[in-house]
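Residues are numbered in the numbering used here as their position in the sequence shown, beginning at 1, plus a constant of 86. By construction, the Cβ of each residue, glycine as well, lies at the ideal position given by its N, Cα and C atoms.
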Amino acid sequence: MADLLRLEHVSKTFSPGTVHEKKAVEDLSLALAKGDFVTVIGSNGAGKSTLFGAIAGSFFPDGGKILLDGEDITFLPEHRRSRQIGRLFQDPLKGTAPHMTIQENLALAYLRAAGRRSPLGIVGQKERVFFRERLAALGLGLEDRMENPVGLLSGGQRQALTLLMATLVTPKLLLLDEDASITYVAEASGFANANYFAKVFRRETGMSPSEYLAAAPKKQEHPQMPQNRRLPW
Numbered sequence: 087m088a089d090l091l092r093l094e095h096v097s098k099t100f101s102p103g104t105v106h107e108k109k110a111v112e113d114l115s116l117a118l119a120k121g122d123f124v125t126v127i128g129s130n131g132a133g134k135s136t137l138f139g140a141i142a143g144s145f146f147p148d149g150g151k152i153l154l155d156g157e158d159i160t161f162l163p164e165h166r167r168s169r170q171i172g173r174l175f176q177d178p179l180k181g182t183a184p185h186m187t188i189q190e191n192l193a194l195a196y197l198r199a200a201g202r203r204s205p206l207g208i209v210g211q212k213e214r215v216f217f218r219e220r221l222a223a224l225g226l227g228l229e230d231r232m233e234n235p236v237g238l239l240s241g242g243q244r245q246a247l248t249l250l251m252a253t254l255v256t257p258k259l260l261l262l263d264e265d266a267s268i269t270y271v272a273e274a275s276g277f278a279n280a281n282y283f284a285k286v287f288r289r290e291t292g293m294s295p296s297e298y299l300a301a302a303p304k305k306q307e308h309p310q311m312p313q314n315r316r317l318p319w
């Protein structure tokens, strides 16, 4: 089976040549097949978010190569990768435009992932009904606030919206910047109804969050970050 994601000897150093030099990722190689679900576990500063940033295109690596579904995306701009890669950030303030409405944020995510040339493409009544249905599945009442600016939402509501935006059009690769973050987002935000998160998790991984967490310690492919903070590949 062909690899969905392949990293070959990827390295990234921040502030090189200064007293603040930090080798965040060093000579990292990995390969993931379609359908794989992998968790990277480590302490703060271990390089987990840096790894995600390199894959998503937030910055370019200093060396190595990144391939997605056979295509070399090492130096592909982030906005072009976003058509194929969905991402949920640790910070609920990221991933949304606070001064735009909920509907406008969903429209941007939908048009971008659908491969439209311009994010200002026309969104019609059909798309608005679709957005409303997906928002209703969250169980947060956001379907009745589609004209409200995202900046008025709570952190948990924004994180829920970010997840929805990342999966509105199913991406080739979904990056969740926190271990089992769908579950944690639901619990930490005090959501009474986490059904939507469980549905997305099952759709993307083939198992429920609780099934995954129960099996995770037994799975060989889930790497444990060593104490010296270097990724284990």
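DSSP three-state call for residue i: helix, strand or coil?
i       : result
Phe-100 : strand
Val-236 : helix
Ile-171 : strand
Leu-91  : strand
Asp-50  : Within the shown structure, residues of the chain are numbered from 87 to 319, placing residue 50 beyond reach of any answer.
Glu-213 : helix
Ala-119 : strand
Glu-107 : coil
Ile-188 : helix
Asp-158 : strand
Leu-228 : helix
Tell me the residue span of the beta strand (DSSP E) that contains residue i.
i       : result
Gly-150 : 149-154
Leu-260 : 259-262
Tell me whether the beta-carbon of residue i lies closer than 9 angstroms to the beta-carbon of residue j.
i       : j       : result
Leu-91  : Leu-153 : yes
Ala-140 : Arg-173 : no
Leu-261 : Ile-171 : yes
Tyr-120 : Lys-109 : At residue 120 the sequence reads Lys, which differs from the Tyr that was named. For Lys-120 and Lys-109, no; Cβs fall outside 9 angstroms.
Gly-150 : Leu-114 : yes
Ala-199 : Ser-168 : yes
Glu-233 : Glu-219 : no
Pro-178 : Gly-225 : no
Val-236 : Leu-247 : yes
Ala-252 : Ala-195 : yes
Leu-197 : Val-209 : yes
Pro-147 : Val-111 : yes
Arg-244 : Thr-187 : no
Asp-122 : Gln-176 : no
Asp-155 : Ala-88  : yes
Under DSSP, the alpha helix (DSSP H) around residue i begins and ends at which residues?
i       : result
Ala-140 : 134-142
Leu-247 : 241-253
Thinking residue i and residue j are a contact (beta carbons under 8 angstroms), I'd like their distance in whole angstroms, please.
i       : j       : result
Phe-217 : Gln-189 : 6 angstroms
Beta carbon of residue i: closer than 8 angstroms to some heavy atom of the ligand GTP?
i       : result
Glu-229 : As presented, the structure is devoid of all ligands, the ligand GTP included, so that no description of it is given.
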